[in-house]
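Engineer: A single structure is presented below for examination.
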Amino acid sequence: MPFSLTYPKRKLRKMVQRGEYTEALEFGKSIEERYTEDHDFLFIMGSIYYILEEPARALPYFESAITFQHDDIEALMLKTNVHLALKQPQEAVLCCMQILKIDAEHEEAKSLLSQLSD
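Note that my numbering has the sequence shown beginning at 227, numbered continuously upward.
Now the structure itself:
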């Protein structure tokens with residue numbers, strides 16, 4: 227049944243929407259083995275770590291999510307912010323450039339690239 231397969235991700239998403247980040251993180255860890263190649267799950271887990279201000283833990287999730295959906299500008303933007311939080315400006319520049327290849331008019335990426343290039 228497709229419904230039963232999506233229920234854990236739906237529950238995780240609702241926990242995040244309610245601001246239950248710590249609980250969502252624990253729940254996500256408990257189901258992670260089933261979703262190691264699921265873009266949405268990886269994005270959600272990376273976002274939770276990012277919200278909880280744990281950029282080093284968020285980064286692998288965003289990197290994995292992007293491998294499954296190369297044109298996910300939102301994931302790329304969060305990955306850029308993670309690199310900035312980790313004081314990795316060259317990696318942030320590369321992310322901005324990747325975003326601009328997908329959307330040449332992306333204002334935030336253009337602005338950050340300009341700031342990082344100065």
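A virtual CB, placed ideally from N, CA and C, is assigned to each residue, including glycine.
Would you check if the distance between the CB atom of A291 and the CB atom of L268 is smaller than 8 Å?
Structural biologist: Yes. Within cutoff.
Engineer: When the distance is taken between beta carbons, is F288 closer than 8 Å to L304?
Structural biologist: Yes, they are a contact pair.
Engineer: What is the DSSP secondary structure of T262, counted as helix, strand or coil?
Structural biologist: T262 falls in the coil class under three-state DSSP.
Engineer: Roughly how many angstroms separate the alpha carbons of A330 and T293, rounded to a whole number?
Structural biologist: Their Cα atoms are separated by approximately 21 Å.
Engineer: Can you have a look at G272 and say buried or exposed, based on whether 16 or more other CB atoms are within 10 angstroms of its CB?
Structural biologist: G272 comes out buried.
Engineer: Output yes or no for whether 8 Å exceeds the beta carbon distance between I274 and A250.
Structural biologist: In this structure, A250 lies closer than 8 Å to I274 by Cβ.
Engineer: Enumerate, from N- to C-terminal direction, the unbroken alpha helix (DSSP H) stretches of 4 or more residues contained entirely within the stretch 239-303.
Structural biologist: You should have 247-257, 265-277, 281-294.
Engineer: Counting only the same chain and skipping the five closest in sequence on each side, list residues whose C-beta sits under 6 Å from that of V319.
Structural biologist: Excluding positions up to five away in sequence, the list reads L342.
Engineer: Who are the Cβ neighbours of L302 in its own chain at under 7 Å, not counting the five residues just before and after it?
Structural biologist: I292, C321, Q324, I325.
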